[in-house]
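Structure first, commentary second.
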Amino acid sequence: MDNRVLVALDQGTTSSRAIVFSSDGQVMASHAVEFKQHYPQPGWVEHAPEDILDSQMTALQTAVKVSGVDIGRIAAIGITNQRETTLLWEKDTGRCVHPAIVWQCRRTAPLVQRLKDRGYGEVIREKTGLVPDAYFSGTKLQYLLDLPGIRDRARRGELCFGTVDSFLAWHLVEGRPHVTDATNAGRTLLFNLHTQDWDPELLEMMDIPREVLPRVMDTAQVIGQLRTEILGRPIPVAALAGDQHASLFGQACFAPGMVKNTYGTGCFMLMNTGEEPIQSRNGLLTTMAWRLAGKPTYALEGSVFMGGATIQWLRDELGLIQTAAQSEQLAQSVNDTAGVFLVPAFTGLGAPYWDMYSRGTLVGMTRGTGRAHIVRAALEAIAYQSHDLYSAMVADCGHTPSQMQVDGGASVNGFMMQFQADILGIPVVRPVVLETTALGAALLAGLGVGMYGSKEEAVRMVRPDLTFHPRMEARHRELALYGWHRAVERAKGWVEP
Ligand code: ADP
Numbered sequence: 023m024d025n026r027v028l029v030a031l032d033q034g035t036t037s038s039r040a041i042v043f044s045s046d047g048q049v050m051a052s053h054a055v056e057f058k059q060h061y062p063q064p065g066w067v068e069h070a071p072e073d074i075l076d077s078q079m080t081a082l083q084t085a086v087k088v089s090g091v092d093i094g095r096i097a098a099i100g101i102t103n104q105r106e107t108t109l110l111w112e113k114d115t116g117r118c119v120h121p122a123i124v125w126q127c128r129r130t131a132p133l134v135q136r137l138k139d140r141g142y143g144e145v146i147r148e149k150t151g152l153v154p155d156a157y158f159s160g161t162k163l164q165y166l167l168d169l170p171g172i173r174d175r176a177r178r179g180e181l182c183f184g185t186v187d188s189f190l191a192w193h194l195v196e197g198r199p200h201v202t203d204a205t206n207a208g209r210t211l212l213f214n215l216h217t218q219d220w221d222p223e224l225l226e227m228m229d230i231p232r233e234v235l236p237r238v239m240d241t242a243q244v245i246g247q248l249r250t251e252i253l254g255r256p257i258p259v260a261a262l263a264g265d266q267h268a269s270l271f272g273q274a275c276f277a278p279g280m281v282k283n284t285y286g287t288g289c290f291m292l293m294n295t296g297e298e299p300i301q302s303r304n305g306l307l308t309t310m311a312w313r314l315a316g317k318p319t320y321a322l323e324g325s326v327f328m329g330g331a332t333i334q335w336l337r338d339e340l341g342l343i344q345t346a347a348q349s350e351q352l353a354q355s356v357n358d359t360a361g362v363f364l365v366p367a368f369t370g371l372g373a374p375y376w377d378m379y380s381r382g383t384l385v386g387m388t389r390g391t392g393r394a395h396i397v398r399a400a401l402e403a404i405a406y407q408s409h410d411l412y413s414a415m416v417a418d419c420g421h422t423p424s425q426m427q428v429d430g431g432a433s434v435n436g437f438m439m440q441f442q443a444d445i446l447g448i449p450v451v452r453p454v455v456l457e458t459t460a461l462g463a464a465l466l467a468g469l470g471v472g473m474y475g476s477k478e479e480a481v482r483m484v485r486p487d488l489t490f491h492p493r494m495e496a497r498h499r500e501l502a503l504y505g506w507h508r509a510v511e512r513a514k515g516w517v518e519p
């Protein structure tokens with residue numbers, strides 16, 4: 023029995039977590055520290071950089087202490103992070119010149135519009151696999167560089183740009199390496215998927231001096247030793263990965279066509295597409311799954327805006343349920359939705375529909391419609407939206423998956439997972455460890471220090487907990503999807519431009 027352990031740092035949008043894993047992927051201890059969200063203006067979101075750092079340090083030190091393991095047993099640390107959130111700090115002092123601009127922040131929408139107006143949409147799409155959007159780091163960095171005096175300082179090499187992985191590596195690793203990994207670099211709008219390097223044309227488009235950019239590492243690679251004062255010993259930091267990418271790895275989606283869906287506030291679906299990047303014809307993003315030994319593996323990515331958030335809405339706005347868990351019981355108290363469909367297009371619809379003018383719609387009600395039907399329709403809507411993303415991915419990449427891996431807080435809902443399997447027509451597989459993001463980061467770090475000989479070896483202990491097999495007849499499934507798509511048509515174009 024290998025008694026070495028791995029530690030994952032999972033730096034998320036609302037909390038920083040650390041999890042200690044045994045070498046066979048079991049959780050030994052974990053600790054999470056929440057931190058404050060700042061909303062300086064409507065649509066703007068910031069984090070205090072010191073909150074990110076302090077909460078992550080506390081989570082690490084506490085989890086390790088609670089686990090009771092001797093520090094010498096920690097073989098490696100992996101870092102996974104909220105993606106796209108942008109920081110800019112002074113090389114001399116580590117001080118950020120501005121709070122972190124969080125991925126959700128819309129402040130750079132005008133800069134994005136300018137890129138679109140100048141006709142750069144297509145070249146951005148072709149080179150980065152992304153679409154011009156304020157969500158990604160590029161225009162956030164451009165915004166910071168536009169602040170008085172900042173671009174000149176950047177040109178003189180006094181400043182470092184980084185996403186959260188990069189920021190943590192700089193602060194936690196001996197020698198202050200200025201690095202990021204390919205999965206995080208791939209979310210900046212500045213990184214060329216094909217050349218695997220920062221792209222001079224994109225840098226010029228957003229007026230970004232190359233001097234501020236980090237060195238791009240593989241996803242699993244030793245970037246240095248944890249500073250000794252943090253845990254009392256140096257420990258290799260051996261993986262950096264964006265959260266969705268780490269989760270794809272933790273779910274062992276290694277072959278083209280393997281797919282995972284994370285059911286959180288929103289849903290994030292990634293499908294491994296192999297060694298070649300695929301340009302979507304259905305409005306999905308092209309991203310890297312990971313880069314190992316210099317070789318990128320690609321993925322298609324799509325998200326459902328209103329996933330678990332639909333259930334929060336039932337609870338907080340409508341008061342139809344008291345707890346999210348209650349939705350399962352209530353949905354199962356009726357045989358079906360009695361013809362009711364809820365399209366939770368509260369903020370418009372994303373991939374594959376792309377209609378920002380659609381709005382939430384509840385159709386098919388009769389005098390007999392009750393609370394349970396509506397709650398059931400809400401759970402089904404999450405599965406229908408995931409189905410449509412999945413279909414778009416299958417159409418783009420030509421692989422038909424044999425199953426879908428699931429995780430995330432809302433995947434505990436057995437009714438929804440069964441309905442998901444029914445509507446997809448393939449089994450839905452939920453693993454024992456639902457913390458697949460942290461697990462992925464830990465296993466990547468194990469791979470990075472050579473504790474595992476291959477990625478297959480790293481995940482050999484990852485076990486399915488429950489498999490939901492499709493039980494719905496094909497004819498019934500077609501009718502259900504037909505009804506759902508009619509409801510989506512009703513939701514579209516509601517807001518007049
Ligand atoms: P995030 O990481 O986005 O904060 P989590 O993975 O913690 O999200 O999942 C929380 C979401 O899951 C919430 O939106 C909540 O409404 C939903 N959720 C939690 N439990 C259930 C449940 N039993 N059934 C349906 N949805 C649930």
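Residues in the sequence shown are numbered consecutively from 23, following my numbering. Don't be surprised by glycine CBs; every beta carbon is placed ideally from N, CA and C.
Would you please state the rounded distance, in angstroms, between the beta carbons of I404 and G329? I believe it to be under 8 Å.
Contact annotation, I404 with G329: C-beta distance approximately 5 Å; criterion of less than 8 Å satisfied.
Check C127 in the structure and name its three-state DSSP category.
Three-state result, C127: coil.
In this structure, does DSSP put Y379 in helix, strand or coil?
If DSSP states are grouped into helix, strand and coil, Y379 belongs with coil.
Considering just the uninterrupted stretch of the beta strand (DSSP E) at L317, what are its terminal residues?
In the sequence as presented, Leu is not what sits at residue 317; that position holds Lys. Run containing K317: 317-326, per the beta strand (DSSP E) assignment.
Under the DSSP definition of a beta bridge, which residues are partnered with C182?
Partner(s): W111.
Just list the beta strand (DSSP E) runs in the region 192-255, keeping only unbroken ones of 3 residues or longer that don't cross its boundaries, in chain order.
201-203, 237-239, 242-247
Reducing DSSP to helix, strand and coil, say where E339 ends up.
coil
Based on Cα-Cα distance, which residue from L190, R140, T108 lies nearest to S77?
L190
Below 6 Å CB to CB, which residues in the same chain sit around G143 once its five sequence neighbours on both sides are set aside?
Leaving aside the five residues that flank G143 on each side, the residues in its chain whose CB is nearer than 6 Å to its CB run, in chain order, P154.
Return the chain-ordered list of same chain residues with a C-beta closer than 8 Å to the C-beta of V27, the five sequence neighbours on each side being excluded.
V42, F43, S44, S45, M50, S89, V91, R95, I96, A97
Does the region 232-244 come close enough to the region 342-361 to have 3 or more Cβ pairs within less than 8 Å?
no
Determine contact between the region 260-280 and the region 293-303, defined as no fewer than three beta-carbon pairs at a distance below 8 Å.
yes
If you measure between the beta carbons of R105 and T36, is that distance less than 8 Å?
The answer is no: Cβ separation not under 8 Å.
Tell me, please, whether the region 474-481 touches the region 427-434 by the rule of three or more beta-carbon pairs shorter than 8 Å.
no
Suppose you measure from the CA of D32 to the CA of A40; what does that come to, to the nearest Å?
6 Å
Using alpha carbons as the reference points, say which of R117, R129, V365, A311 lies closest to T459.
A311
Helix, strand or coil: which one does DSSP assign to L461?
helix
Which runs of the beta strand (DSSP E) spanning at least 3 residues fall entirely within the region 358-432, listed in chain order?
363-365, 383-385, 426-429
In the DSSP output, what is Y285 paired with across the bridge?
C289
If you follow the alpha helix (DSSP H) that P71 is in, where does it begin and where does it stop?
71-89
Could you have a look at V510 and say whether DSSP puts it in helix, strand or coil?
helix
So, is T115 buried or exposed, given that buried needs 16 or more other C-beta atoms within 10 angstroms?
Of the residues assessed, T115 falls on the exposed side of the cut-off, its CB having fewer than 16 other CB atoms within 10 angstroms.
Would you mind sorting Y525 into buried or exposed? The rule is 16 or more other CB atoms within 10 Å of its CB.
Absent from the model: residue 525. The displayed extent of the chain is 23 to 519, so no value can be given.
Return the residue from the list P449, M483, V454 that minimises the CA-CA distance to L465.
M483
Is the Cβ-Cβ distance between D187 and T202 less than 8 Å?
yes
Relative to the C-alpha of P366, which residue among R389, H421, D358, E402 is closest?
Out of R389, H421, D358, E402, E402 has the C-alpha closest to the C-alpha of P366.
Name, in chain order, the residues that DSSP records as bridge partners for A261.
Answer is G100, A242, bridged to A261.
Along the chain, where does the beta strand (DSSP E) containing E106 start, and where does it finish?
Neither: E106 is in no beta strand (DSSP E) and is coded neither H nor E.
Could you tell me the distance, in whole angstroms, from the CA atom of A207 to the CA atom of A353?
42 Å
Would you list the one or two residues that DSSP bridges to T489?
V451
According to DSSP, is G296 part of a helix, a strand, or is it coil?
strand
H53 bridges to which residues according to DSSP?
A40
Could you tell me whether any non-hydrogen atom of the ligand ADP is closer than 7 Å to the CB of I343?
When distances are taken from the beta-carbon of I343 to the heavy atoms of the ligand ADP, even the shortest one reaches 7 Å or more.
Report the residue from R508, G505, M438 whose alpha carbon sits nearest the alpha carbon of M283.
It is Asn, not Met, that sits at residue 283 in the sequence shown. The shortest Cα separation from N283 among R508, G505, M438 belongs to M438.
Since R313 and A204 should fall inside the 8 Å C-beta cutoff, what is the C-beta to C-beta distance between them, to a whole number of angstroms?
Confirmed, Cβ separation roughly 4 Å.
With hydrogens ignored, establish whether the beta-carbon of E350 is closer than 7 Å to any heavy atom of the ligand ADP.
yes
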